[in-house]
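A short worksheet on the structure shown next.
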Amino acid sequence: MNMMYREPYRESQLYVPAAKPLRIAMLGLRGFPDVQGGVERHVENLSRRLVELGCEVEAIVRRPYMPDGSPTTWHGVKLTSIWSPRVTGVEALVHSFLGVLHAARTRPDILHIHSIGPALFAPLARALGLKVVVTHHVLNYENEKWGFAGRTLLRLGERIGMRFANGRIAVSRFLAERVKRDYAVPIRVIPNGLGELAKPSSEATTLREFGLTPGRYLLTVARIDPQKCQLDLIDAFRKAQPTNWTLALAGGADYATDYARAVINVAKRTRGVALLGHQKEPALAELYANAGAFVLPSSHEGQPIAVIEALGYGCPVILSDIPAHRELGITAGTFFRAGDTDELADRLRAAFRDPPDRNAHVADRDRILQRHDWGSIARTTVDVYRAALAPRRAVSLRLGLRE
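Residue numbers are given in the numbering used here: position 311 of the sequence shown equals residue 322, and the series is strictly consecutive.
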């Protein structure tokens, strides 16, 4: 019998169908656009850049944050609204569970889970045959608002998410080092980015609305939350006894908590404090561009996008001395011990006496613009996706991406 000779198997001989888009589902966020929160800003910007690279991206968002008339697509990103209860400590868990079930039906190439709370459901997603990437944004269990049960669940989410994910991302080096130390798993450091900077309005509409004088107000941008320490900032501002300066607090509260009520009450009783509420991008551009200094007294952070944005606008910064702030490598910034309102008051007095020079922050601004570019961040994230898909390399490594 004549035997036909066959070439040995080589991977290059595999049949590869036409390139197809890489399909990504994002889970663990409230929603976007214009929903406050660092994770929300992160996913909003990352998703948009992934679409520009040729990916198909679906963001699974929470219905209470997407009012009637909200878009179903945004810059090519599909927004799928799924019900969630408006109950603190329950909302994210219920929505994440339902989001994983949704992803099990739609079968994305990657389910990208953001934050360690939603990461509790990484094993379920894996059991349903999904490839999972988890981004670790912040040590949520260090937030003072959580009780024993909440902190236990968040620590469990971190442990499970890091162990069961096919790929892992940390937004800062100190988070990555902690994950490697505690769980002995590989993790990629991919920082938060800086989006396109909106041009500040020449009409100063926002400043006039709140009675703010250019160069004579301190700005903080953060949701009202114990982690962000607005009460410490108001106390330090009062101790500093400012003359012709205002403290502008931009940001709202997710829930009507005791802390939120305390911040509002103390702010109303303290001369020179202005509550601005949640502000959208055009107003924030005006606020960053005209502030005398940006202040963030947080007890802990992953990597605060608000600080990156402030630096992008060349705004001088006064920050709590925590790893996430130090890691940004700010050369012209001012630091104080977290929780020390007397030291913060001293830093504020110095700013009142001798307002910081924005020109001194040019080097920090230029470095931030280069290192925290969302386009580069998206390309690096795709590398993590490809590695997570490695068992399917015959097809998945040839996905239709615009390099």
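We put the CB at the ideal spot given by N, CA and C, even for glycine. All figures in this text were calculated on a predicted structure; none of them were measured in a lab.
Which partner residues does residue i have in the DSSP bridge list?
i: Tyr228; result: Thr257
i: Ser92; result: Val72
i: Phe347; result: Ser331
i: Ile121; result: Ile35
i: Ile316; result: None, per the DSSP bridge assignment.
i: Gly437; result: The structure shown has nothing for residue 437, since the chain only spans 12 to 414.
i: Val62; result: Paired residues: none, contrary to the question.
i: Leu205; result: Asp384
Hey, out of the options, whose CA is closest to residue i's CA?
i: Ala259; options: Asp269, Phe248, Tyr266 and Thr268; result: Phe248
i: Ala294; options: Pro134, Leu135, Phe363 and Leu230; result: Leu230
i: Leu218; options: Ser107, His106 and Thr257; result: Thr257
i: Gly161; options: Pro367, Gly100, Pro129 and Val143; result: Gly100
i: Ile333; options: Gly110, Val232, Leu150 and Glu63; result: Leu150
i: His383; options: Glu220, Val318, Arg170 and Leu355; result: Val318
i: Pro211; options: Glu220, Lys191, Ile71 and Ala296; result: Ala296
i: Leu400; options: His123, Arg74 and Gly172; result: His123
i: Ala233; options: Tyr194, Lys291 and Ala187; result: Lys291
i: Ser92; options: Asp236, His86 and Ala70; result: Ala70
i: Gly288; options: Thr254, Thr224 and Glu220; result: Glu220
i: Gly128; options: Leu33, Phe108 and Ala138; result: Phe108
i: His147; options: Met173, Trp157 and Thr163; result: Met173
i: Gly42; options: Arg166, Asp265, Gly303 and Arg34; result: Asp265
i: Glu67; options: Thr84, Arg74 and Asp79; result: Thr84
Measuring from the CB of residue i, is there a heavy atom of the ligand MG at a distance below 6 Å?
i: Leu208; result: Although the ligand MG was asked about, the structure shown includes no ligands whatsoever.
Put residue i into one of helix, strand or coil per three-state DSSP.
i: Glu67; result: strand
i: His383; result: coil
i: Arg282; result: coil
i: Phe43; result: coil
i: Arg97; result: coil
i: Leu339; result: coil
i: Thr84; result: strand
i: Tyr396; result: helix
i: Arg199; result: strand
i: Gly325; result: coil
i: Gly48; result: coil
i: Asp368; result: coil
i: Ile275; result: helix
i: Pro293; result: helix
Given that a residue counts as buried once 16 or more other Cβ atoms are within 10 Å of its Cβ, and exposed if not, what is residue i?
i: Asp377; result: exposed
i: Asn276; result: exposed
i: Phe305; result: buried
i: Val182; result: buried
i: Arg425; result: Only positions 12 to 414 of the chain appear in the structure, and residue 425 is not among them; the question remains open.
i: Phe132; result: buried
i: Asp103; result: In the sequence on display, residue 103 carries Ala and not Asp. Under this definition Ala103 is a buried residue.
i: Gly226; result: exposed
i: Arg52; result: buried
i: Arg397; result: buried
i: Glu153; result: exposed
i: Val274; result: buried
i: Phe363; result: buried
i: Glu55; result: buried
i: Met14; result: Bear in mind that a pLDDT of 40 at Met14, under 50, signals an unreliable position, so the model cannot answer this.
i: Lys279; result: exposed
Could you give the residue range of the beta strand (DSSP E) that holds residue i?
i: Ile180; result: Gly178 to Ala181
i: Ala251; result: Looking at the DSSP string, Ala251 is not in any beta strand (DSSP E); the run it does join, the alpha helix (DSSP H), is Gln241 to Ala251.
i: Val190; result: Taken as a continuous stretch (DSSP letters only), Val190 belongs to no beta strand (DSSP E), being part of the alpha helix (DSSP H) at Arg184 to Tyr194.
i: Thr146; result: Val143 to His147
Under DSSP, the alpha helix (DSSP H) around residue i begins and ends at which residues?
i: Val306; result: Unbroken run through Val306 is the beta strand (DSSP E), Ala304 to Leu307; no alpha helix (DSSP H).
i: Phe132; result: Counting along the chain, Phe132 falls outside any alpha helix (DSSP H), and DSSP gives it neither H nor E.
i: Gly140; result: No alpha helix (DSSP H) holds Gly140; DSSP gives it neither H nor E.
i: Asp236; result: No alpha helix (DSSP H) holds Asp236; DSSP gives it neither H nor E.
i: Asp11; result: Residue 11 lies beyond the stretch modelled for the chain, which goes from 12 to 414, so this question has no answer here.
i: Glu169; result: Phe159 to Phe175
i: Thr216; result: Thr216 to Phe221
Just checking: is the beta-carbon of residue i within a distance shorter than 7 Å of some beta-carbon in chain C?
i: Ile275; result: This model lacks chain C altogether, as it is built from one protein chain only.
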